[in-house]
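Please read the structure below before turning to the comments.
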Amino acid sequence: PPPPPPPLFQAEDGIRDATGGLVGSEMCIRDSLSAEGLEKLKAELDELTNVKRPEVAQRIHDAKEYGDVTENAEYEDAKNEQAFVEGRIQTLTAIIKNAVIIDEKHSRTYVQIGSPVTIEGETGKEKYTIVGAAEAAPDQGRISNESPVGRALLGKKKGEAVTVSVPAGDSTYTIVSIR
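Under the working numbering, think of the first position of the sequence shown as 148, with each following residue one higher.
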């Protein structure tokens, strides 16, 4: 079973979760998604539920037709795929249920989830968009707000320098622009 949700507590400016995020606002970093990202996850869930799940069920049914399932590789493979599909369906359902849509009209004064940011470090300029963990794709320039770089950039302003600690060592970046 999944772990229980983090506790909520009353703060002066509203109800906050254990991460310090305002519950119900775009500042809550748990399950933060863009509208586009939410639609992609909904499409994936629909595909898994309406296409993949029935396909796997049919594969299991067909494999059972061959007789003894104890030494049936096709049956074992289909059961493993079924476990993966069902697990992914549960994960997507939870993410969608708890999603907080990122405000597309974000601040250009400081970095927040949804901000496209250009930073400059020792290796030159790099462009990233800060997104929730469910949408992270570093190879496409979309880094998680929970990643070391994403976490270091949140709340910072143009011109500020941030130091990021990773296993390979510390790196310093300067925020060139926030769009």
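Note that the Cβ used here is the ideal one computed from N, Cα and C, for glycine as well.
Start and end of the beta strand (DSSP E) containing residue i?
i	result
T196	Neither: T196 is in no beta strand (DSSP E) and is coded neither H nor E.
E267	P263 to G268
D317	G316 to I325
I242	That residue, I242, is in no beta strand (DSSP E); its alpha helix (DSSP H) goes A220 to K244.
V258	Looking at the DSSP string, V258 is not in any beta strand (DSSP E), and its letter there is neither H nor E.
With the cut-off set at 8 Å, would you say residue i and residue j are in Cβ contact?
i	j	result
V264	L300	yes
V362	A220	Summary: the structure shown does not reach residue 362, with the chain confined to residues 148 through 326, and so no result is reported for it.
Y222	A230	no
G261	Y275	no
L195	I243	no
S318	I249	no
G271	N292	no
I322	I266	yes
A281	S294	no
Run the CB neighbour count on residue i, radius 10 Å, all protein chains shown included, and call it buried at 16 or more, exposed below.
i	result
T256	exposed
Y320	buried
G297	buried
M174	Below a pLDDT of 50, predicted positions are generally treated as unreliable, and M174, at 40, falls in that range; the measurement from the model is reported next regardless. By the 10 Å Cβ count, M174 comes out buried.
Over what stretch of residues does the alpha helix (DSSP H) that includes residue i continue unbroken?
i	result
K272	Per DSSP, K272 belongs to no alpha helix (DSSP H); it is in the beta strand (DSSP E), G271 to V278.
Meets three-Cβ-pair contact criterion under 8 Å: the stretch 237-245 and the stretch 301-314: no
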